[in-house]
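A quick write-up on the structure given underneath.
Numbering (this note's numbering), first residue to last: 79 to 209.
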(Lines of atoms letter the chains of each structure in order from A and count residues from 1; the text may use other names and numbers.)
(Lines give C-alpha, C1' and ligand atoms only; values in the text may rest on other atoms or scores of the structure.)
Protein backbone atom coordinates (compact mmCIF):
# COMPACT_ATOMS: atom_id res chain seq x y z
CA UNK A 1 0.00 0.00 0.00
CA UNK A 2 1.32 3.42 -0.83
CA UNK A 3 1.37 6.39 1.54
CA UNK A 4 -1.34 8.32 -0.36
CA UNK A 5 -3.73 5.41 -0.04
CA UNK A 6 -3.04 4.98 3.68
CA UNK A 7 -3.59 8.70 4.30
CA UNK A 8 -6.79 8.60 2.26
CA UNK A 9 -8.12 5.61 4.21
CA UNK A 10 -7.17 7.27 7.50
CA UNK A 11 -9.04 10.46 6.61
CA UNK A 12 -12.12 8.53 5.50
CA UNK A 13 -12.08 6.55 8.75
CA UNK A 14 -11.70 9.76 10.78
CA UNK A 15 -14.60 11.35 8.89
CA UNK A 16 -16.84 8.33 9.47
CA UNK A 17 -15.98 8.29 13.17
CA UNK A 18 -16.66 12.02 13.50
CA UNK A 19 -19.99 11.80 11.65
CA UNK A 20 -21.29 8.93 13.76
CA UNK A 21 -21.65 11.24 16.75
CA UNK A 22 -23.50 13.94 14.84
CA UNK A 23 -25.68 11.62 12.76
CA UNK A 24 -27.67 10.46 15.75
CA UNK A 25 -28.79 12.76 18.51
CA UNK A 26 -29.82 11.82 22.03
CA UNK A 27 -32.26 8.96 22.49
CA UNK A 28 -35.94 9.97 22.57
CA UNK A 29 -36.99 9.80 26.26
CA UNK A 30 -40.71 9.19 25.67
CA UNK A 31 -42.69 6.07 24.83
CA UNK A 32 -42.80 4.62 21.30
CA UNK A 33 -46.00 2.64 20.67
CA UNK A 34 -45.97 0.07 17.86
CA UNK A 35 -49.27 -0.89 16.21
CA UNK A 36 -48.88 -3.86 13.85
CA UNK A 37 -51.45 -5.33 11.46
CA UNK A 38 -52.43 -8.88 10.50
CA UNK A 39 -50.04 -8.73 7.51
CA UNK A 40 -47.14 -6.61 8.79
CA UNK A 41 -45.53 -6.71 12.23
CA UNK A 42 -43.31 -3.88 13.44
CA UNK A 43 -40.26 -5.65 14.86
CA UNK A 44 -38.34 -2.67 16.21
CA UNK A 45 -38.25 1.09 16.46
CA UNK A 46 -35.59 3.43 17.77
CA UNK A 47 -36.15 7.16 18.09
CA UNK A 48 -33.48 9.84 18.39
CA UNK A 49 -33.89 13.58 18.78
CA UNK A 50 -32.24 15.63 16.04
CA UNK A 51 -32.23 19.28 15.15
CA UNK A 52 -35.73 20.09 13.91
CA UNK A 53 -37.37 16.80 14.81
CA UNK A 54 -37.15 13.14 15.76
CA UNK A 55 -35.71 10.37 13.58
CA UNK A 56 -37.44 6.98 13.89
CA UNK A 57 -35.95 3.84 12.33
CA UNK A 58 -36.50 0.12 12.59
CA UNK A 59 -37.64 -3.07 10.91
CA UNK A 60 -40.97 -4.53 9.84
CA UNK A 61 -41.73 -8.17 9.04
CA UNK A 62 -44.35 -9.86 6.87
CA UNK A 63 -46.27 -12.33 8.99
CA UNK A 64 -46.55 -14.88 6.16
CA UNK A 65 -42.82 -14.78 5.42
CA UNK A 66 -43.05 -14.01 1.70
CA UNK A 67 -40.36 -11.91 0.04
CA UNK A 68 -40.97 -9.08 -2.42
CA UNK A 69 -43.03 -5.93 -2.21
CA UNK A 70 -46.16 -5.43 -0.15
CA UNK A 71 -48.44 -2.37 -0.42
CA UNK A 72 -48.79 -0.17 2.61
CA UNK A 73 -46.94 2.30 4.76
CA UNK A 74 -46.29 3.38 8.34
CA UNK A 75 -48.21 6.28 9.85
CA UNK A 76 -46.06 8.02 12.48
CA UNK A 77 -47.68 10.40 14.98
CA UNK A 78 -46.03 12.50 17.68
CA UNK A 79 -48.15 13.55 20.66
CA UNK A 80 -47.54 16.00 23.49
CA UNK A 81 -48.07 15.22 27.19
CA UNK A 82 -51.80 16.07 26.89
CA UNK A 83 -52.22 13.62 23.98
CA UNK A 84 -52.58 16.28 21.29
CA UNK A 85 -51.04 15.55 17.88
CA UNK A 86 -48.02 17.81 17.28
CA UNK A 87 -46.48 16.11 14.23
CA UNK A 88 -47.43 13.48 11.64
CA UNK A 89 -45.57 11.77 8.80
CA UNK A 90 -46.01 8.73 6.57
CA UNK A 91 -43.17 6.50 5.39
CA UNK A 92 -42.85 3.45 3.16
CA UNK A 93 -40.85 0.44 4.23
CA UNK A 94 -38.24 -1.15 1.98
CA UNK A 95 -38.51 -4.40 0.08
CA UNK A 96 -38.68 -7.72 1.93
CA UNK A 97 -35.50 -9.22 0.54
CA UNK A 98 -35.84 -12.98 1.11
CA UNK A 99 -37.67 -15.64 3.09
CA UNK A 100 -34.77 -16.19 5.45
CA UNK A 101 -34.64 -12.69 6.94
CA UNK A 102 -38.19 -11.50 6.09
CA UNK A 103 -37.38 -8.00 7.35
CA UNK A 104 -37.68 -4.64 5.65
CA UNK A 105 -36.11 -1.45 6.96
CA UNK A 106 -37.87 1.87 7.45
CA UNK A 107 -36.72 5.34 8.41
CA UNK A 108 -38.93 8.36 9.15
CA UNK A 109 -38.36 11.93 10.26
CA UNK A 110 -41.00 13.49 12.48
CA UNK A 111 -40.56 17.20 11.83
CA UNK A 112 -41.30 19.24 14.94
CA UNK A 113 -39.85 22.60 15.96
CA UNK A 114 -39.18 21.57 19.54
CA UNK A 115 -38.48 17.81 19.84
CA UNK A 116 -38.80 17.99 23.64
CA UNK A 117 -42.51 18.85 23.22
CA UNK A 118 -43.18 15.31 21.96
CA UNK A 119 -44.06 12.98 24.84
CA UNK A 120 -44.94 9.84 22.85
CA UNK A 121 -44.76 8.46 19.33
CA UNK A 122 -47.17 6.05 17.64
CA UNK A 123 -45.93 3.97 14.69
CA UNK A 124 -48.92 2.32 12.99
CA UNK A 125 -49.05 -0.04 10.00
CA UNK A 126 -51.52 0.92 7.30
CA UNK A 127 -51.30 -2.16 5.07
CA UNK A 128 -52.67 -2.26 1.52
CA UNK A 129 -52.68 1.55 1.44
CA UNK A 130 -50.17 3.93 -0.05
CA UNK A 131 -49.48 7.36 1.47
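Note that the Cβ used here is the ideal one computed from N, Cα and C, for glycine as well.
Starting from the C-beta of residue 113, find all residues in its chain whose C-beta is less than 8 Å away, skip the five residues before and the five after it, and write them out in chain order. Excluding sequence neighbours, residue 113 sits near 120, 200, 201, 202 and 203.
Which residues does DSSP list as the beta-bridge partners of residue 140? Answer is 118, bridged to residue 140.
How many Å lie between residue 134 and residue 122 at the Cα? When only Cα atoms are considered, residue 134 and residue 122 end up about 10 Å apart.
Could you check which residue in 118, 164 and 124 has the C-alpha nearest to that of residue 110? For residue 110, the nearest C-alpha among the options comes from 124.
Under 8 Å between C-beta atoms of residue 169 and residue 185: Contact flag set, yes.
Residue 182 to residue 115 span [Cα, whole Å]: In this model, residue 182 and residue 115 are separated by some 15 Å (Cα to Cα).
Whole angstroms is fine: what's the gap from residue 166's alpha carbon to residue 189's? Just so you know, the alpha carbons of residue 166 and residue 189 end up roughly 8 Å apart.
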